[in-house]
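Written below as structure tokens is the structure these notes are about.
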Amino acid sequence: MPRITLGRLPFENLRRKPFRTAALVIVVTMLTVAFYGGALLATNLKTGLNSMQERMGADLMVVPQNTGSKAEALLTSGTSSTFYFTNDIVKLVAGADGIGQATSQTYISSLAAACCDEKVQIIGFDPATDFVIEPWITSQYDGTLKDGEVVAGANINVSENGAIRLYNHDFPVAAQLAATGTSLDNSVFVNENTIPAVVSYSAKVGHAAIPQEYADKAVSAVLIKTADGYDAHTVAGNIAKASGISTLGYVYPGGVTASTRASLNALVGYAGLFLAVFWTMGLVVLFAVFASSMNERKREFAAYRIMGATRGMLVGLIVRESATIGLIGGVIGIAAASLAILPFNTLIGKQLQLPYLQTGIVTVLALVVAGLAFAVATGLIASIATAVKLSAPETYLTLREGE
Amino acid sequence: MAVLEIHDLTREFKRRGTPFAAVDHVNLSVDAGRFVAIVGRSGNGKSTLLNLITGLLKPTSGTVSVDGQVVGSLGDRDMARLRNRTIGFVTQSATLLANLTVLDNVILPAVMMGEPLAEESSDAGRDDCHPTRNGNESDLDMPDVIAPAEEEPAHEDGLARRARMLLESLQVSDLADCYPKELSGGEMRRVSIARALMNRPKLLIADEPTGDLDADSTAIVMRLLRKTADSGAAVLMVTHDPDALDYVDLTWRMDRGILTAV
Chain Y
0 MPRITLGRLP FENLRRKPFR TAALVIVVTM LTVAFYGGAL LATNLKTGLN SMQERMGADL
60 MVVPQNTGSK AEALLTSGTS STFYFTNDIV KLVAGADGIG QATSQTYISS LAAACCDEKV
120 QIIGFDPATD FVIEPWITSQ YDGTLKDGEV VAGANINVSE NGAIRLYNHD FPVAAQLAAT
180 GTSLDNSVFV NENTIPAVVS YSAKVGHAAI PQEYADKAVS AVLIKTADGY DAHTVAGNIA
240 KASGISTLGY VYPGGVTAST RASLNALVGY AGLFLAVFWT MGLVVLFAVF ASSMNERKRE
300 FAAYRIMGAT RGMLVGLIVR ESATIGLIGG VIGIAAASLA ILPFNTLIGK QLQLPYLQTG
360 IVTVLALVVA GLAFAVATGL IASIATAVKL SAPETYLTLR EGE
Chain U
0 MAVLEIHDLT REFKRRGTPF AAVDHVNLSV DAGRFVAIVG RSGNGKSTLL NLITGLLKPT
60 SGTVSVDGQV VGSLGDRDMA RLRNRTIGFV TQSATLLANL TVLDNVILPA VMMGEPLAEE
120 SSDAGRDDCH PTRNGNESDL DMPDVIAPAE EEPAHEDGLA RRARMLLESL QVSDLADCYP
180 KELSGGEMRR VSIARALMNR PKLLIADEPT GDLDADSTAI VMRLLRKTAD SGAAVLMVTH
240 DPDALDYVDL TWRMDRGILT AV
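Line by line, the protein sequences give chains Y and U.
If you count by numbering that gives the first Met the number 0, then the first sequence holds residues 0 to 402, one letter each, in order.
If you count by numbering that gives the first Met the number 0, then the second sequence holds residues 0 to 261, one letter each, in order.
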């Protein structure tokens with residue numbers, strides 16, 4: 000065994016007091032789990048929200064009467080839905096003032112499918128007018144979506160033969176998209192020409208998604224980008240006037256994002272407050288444990304002084320002990336939180352009912368570094384006062400106190 | 000030449016708001032090679048005086064000089080160096096480090112300053128505290144129960160060899176790998192003495208070094224302290240043990256903080 004050195008001393012002290020060391024490490028671990036885990040969850044929620052915002056594209060959605068909440072749920076992370084107009088809504092809307100771009104989409108909620116845990120949201124879009132789905136799809140799939148083909152969201156399990164089975168029919172998958180953290184990850188996209196076929200397959204299995212007579216003209220929503228200088232609410236008023244229908248439903252995706260962001264900010268705020276209180280309590284516990292153990296160690300520190308340790312050496316000794324505890328607790332805490340969060344993104348997103356998207360590796364690494372720094376700093380803050388006190392100039396009095 | 004010089008040294012404390020002098024205008028000089036004892040009743044300032052000498056307490060007035068350096072004028076780093084390299088201190092209470100083995104406890108002062116002692120490796124075989132090891136030069140003062148030192152493992156360096164020799168000379172070398180909690184009070188005392196001698200101090204201060212020891216162990220320790228003085232160190236000891244006084248050159252008495260020659 001190598002002889003004792005000043006550098007090895009803190010580790011010997013920690014090794015020979017396993018119970019005290021373990022207690023301190025556990026406290027730091029708990030604080031790190033709260034800090035790093037909380038920060039990772041908050042970051043993922045914000046990433047999901049930003050992703051949702053990027054995918055919105057439209058300023059206004061015109062939907063059938065009383066389906067606004069379904070449409071909002073579809074935008075965030077709610078359950079899949081089927082709803083549709085029975086009239087030619089695209090034509091009625093088109094005449095309104097203030098519309099920059101307009102495109103229609105059709106939403107069909109499938110039966111539970113082999114590919115997925117839950118129902119799949121089928122979204123039909125019009126490639127000719129689309130300005131919402133296509134830019135996103137083309138960023139990852141540069142082909143043209145053929146009739147009968149689908150583009151699958153990130154959470155859809157595509158079979159080995161490159162298809163998904165819906166309504167007892169295998170739809171070839173042209174591409175699979177990256178995760179967005181929204182309900183779009185559980186959706187499949189088809190061009191509008193495929194919708195009648197989907198309806199037909201659904202009818203064949205006895206669960207017609209849409210009555211056959213509306214199959215080739217069903218539109219669930221008209222998505223509108225307002226012309227420059229027009230407010231979405233003003234355009235909604237114009238649409239009501241132009242169509243002569245006062246009972247249309249309107250969804251303002253910007254407002255949905257804003258309200259989701261507000262909920263998220265409130266959640267993060269509360270979590271931050273909880274974390275601050277938790278951290279303060281943890282710091283007090285650590286401080287108390289350090290202070291009481293240091294009281295027990297007065298004689299030991301007096302012995303160091305007698306042997307010729309400077310005050311700086313004593314402070315350094317305690318700092319290295321507490322930093323080591325912080326580092327061990329930090330590593331364990333980060334590993335535990337990572338294991339609890341990183342593999343379960345989909346489940347967490349589903350439980351939170353909020354847009355939730357795993358942030359990139361660089362951000363995760365930055366959080367890991369911040370988490371470690373936090374853990375080490377917590378250990379240091381808790382011990383530094385005791386270190387200064389123990390290195391008091393009149394060591395004999397410290398020795399007497401320790402007796 | 001005086002290794003220790005104390006001039007008009009006073010240290011006051013307050014007890015229930017009333018100041019009193021635990022050490023009262025003390026003057027003392029101890030030359031190299033001299034073994035001096037201080038006797039006196041408990042609570043009369045003997046331990047306070049030793050702690051003032053080692054700089055672990057600050058005087059109210061007066062000065063202490065060790066090896067030509069005025070203790071009160073030194074900064075923390077220089078004072079620490081003086082304590083480490085010039086002074087060896089055997090405290091009254093047990094101050095062995097519970098988390099280190101006996102051997103590491105003894106070695107620690109030698110590595111404390113981060114630089115090895117100049118002669119640590121070169122004269123590892125020379126030990127002024129240890130009886131001769133080849134059997135040709137017998138030391139009549141030392142008991143014949145001291146066994147020849149065992150051959151140290153080849154990987155051990157000079158510091159470990161010296162530490163083992165010191166433990167051997169105090170008959171506790173078999174405890175080298177034990178932790179302090181496994182030792183008796185007397186064994187801890189002897190290990191503390193070995194630790195104080197590790198850096199070959201010019202001034203050895205011992206506060207009741209035979210307090211927990213039986214007669215045989217007392218004899219071993221006192222012969223070692225005598226030998227330390229004979230090899231050129233100044234030794235200052237506080238004791239209540241009349242048997243210990245047989246080994247010293249000079250005895251002082253401390254009464255209510257005042258030091259007088261016996």
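We put the beta carbon where it would ideally sit given N, CA and C, even for glycine.
Treat the numbers as computed from the prediction; the structure is a model and nothing was measured.
| message | Residues in the same chain with beta-carbon distance under 8 Å from V157 of chain Y, minus the five sequence neighbours each way, listed in chain order, please. | response | C114, A151, I163, V172 and Q175
| Nearest chain U C-beta to E11 of chain Y closer than 8 Å, yes or no? | yes
| Using a Cβ-Cβ distance under 8 Å, would D30 of chain U count as near chain Y? | no
| What residues of chain Y sit near A72 of chain U, judged by a beta carbon separation below 7 Å? | The sequence given here places Ser at residue 72 of chain U; Ala does not occur at that position. Going along chain Y, no residue has its Cβ under 7 Å from S72 of chain U, so there is no contact; the nearest lies around 14 Å.
| Buried versus exposed, by CB contacts within 10 Å (16 or more), I360 of chain Y | exposed
| Does L169 of chain U have its Cβ less than 8 Å from a Cβ in chain Y? | no
| request: Kindly provide the ranges of any beta strand (DSSP E) runs that are 3 or more residues long and lie completely inside the segment 66-131 of chain Y, ordered along the chain. | output: 98-111 and 118-124
| request: Indicate whether at least one CB of chain Y lies closer than 8 Å to the CB of T131 of chain U. | output: Bear in mind that the predicted position of T131 of chain U carries a pLDDT of just 36, short of 50, making it unreliable; the figure below should be weighed with that in mind. No - not a single Cβ of chain Y is within 8 Å of the one on T131 of chain U.
| said: What does DSSP give as the partner residue(s) for W251 of chain U in the beta ladder? | reply: W251 of chain U is bridged to U:I37 and U:A260.
| field | Cβ of G184 of chain U within 8 Å of any chain Y Cβ | value | no
| query | Nearest-angstrom Cα distance between Y246 of chain U and D215 of chain U? | reply | 14 Å
| Ordered list of beta strand (DSSP E) runs contained in the segment 277-325 of chain Y, each at least 3 residues | none
| message | Using C-beta distances below 8 Å, list every residue in its chain close to M312 of chain Y, excluding the 5 sequence neighbours before and after it, in chain order. | response | Non-local C-beta neighbours of M312 of chain Y in its own chain, meaning closer than 8 Å and more than five positions away in sequence, comprise L5 and Y303, ordered along the chain.
| query | Going along chain U in order, which residues have a C-beta closer than 8 Å to the C-beta of M306 of chain Y? | reply | R82, N83, L107, P108, M111 and R194
| request: Using a cut-off of 9 Å between C-beta atoms, extract the partners of A386 of chain Y located in chain U. | output: Correct list: empty, because the minimum Cβ distance to chain U is about 15 Å.
| request: Please classify T421 of chain Y: is it buried, with 16 or more other beta-carbons within 10 angstroms of its beta-carbon, or exposed? | output: Here chain Y comprises residues numbered 0 to 402, so residue 421 of chain Y is not present and cannot be evaluated.
| query | In this structure, does DSSP put Y213 of chain Y in helix, strand or coil? | reply | helix
| request: Would you mind listing the alpha helix (DSSP H) stretches within the segment 180-261 of chain Y that are 4+ residues and don't spill past its ends, in chain order? | output: 194-203 and 231-242
| Segment contact, 8 Å Cβ cut-off, at least three pairs: the segment 2-13 of chain U with the segment 55-63 of chain U | yes
| field | C-alpha gap between L59 of chain Y and G236 of chain Y, whole angstroms | value | 11 Å
| Supposed contact pair R252 of chain U and V38 of chain U - C-beta distance, whole angstroms, cut 8 Å | 5 Å
| task | Taking only beta-carbon positions, decide if T9 of chain U is within less than 8 Å of chain B. | result | Considering every chain present, this structure includes no chain B. Its protein chains are Y and U.
| Opening and closing residue of the beta strand (DSSP E) in which E11 of chain U lies | Unbroken beta strand (DSSP E) run through E11 of chain U: A1 to R14.
| I think A374 of chain Y touches T31 of chain Y, with their Cβ atoms under 8 Å apart; what is that distance to the nearest whole Å? | 5 Å
| query | Which residue's Cα is closest to the Cα of N185 of chain Y: Y:Y106, Y:A287, Y:I331 and Y:T66? | reply | Y:Y106
| said: I'd like to know if the segment 91-104 of chain U and the segment 170-185 of chain U are in contact, where contact means that at least 3 CB-CB pairs between them fall below 8 Å. | reply: yes
| query | Which residues, taken in chain order from the segment 297-321 of chain Y, show a beta carbon closer than 7 Å to some beta carbon of chain U? | reply | R298, E299, A301, A302, R304, I305, M306, G307, A308, T309 and R310
| request: Consider the Cβ of A228 of chain U: report whether some Cβ of chain Y lies at a distance smaller than 8 Å. | output: no
| message | Would D30 of chain U and A260 of chain U qualify as a contact pair, given that the criterion is a beta-carbon distance under 8 Å? | response | no
| request: Determine whether the Cβ of R410 of chain Y lies closer than 8 Å to any Cβ atom of chain U. | output: Not covered by the structure: residue 410 of chain Y. The range shown for chain Y is 0 to 402.
| As assigned by DSSP and simplified to three states, the class of D169 of chain Y | strand
| said: Here's a check: name, in chain order, each residue in its chain whose Cβ is nearer than 7 Å to the Cβ of T85 of chain Y, leaving out the five neighbours to either side. | reply: Y213
| Cβ-based neighbour list, M293 of chain Y, same chain, cut-off 7 Å, excluding 5 preceding and 5 following | T385 and L389
| query | In chain order, what residues of the same chain lie with their CB nearer than 7 Å to the CB of D146 of chain Y, ignoring the 5 residues before and after it? | reply | N190, N192 and T193
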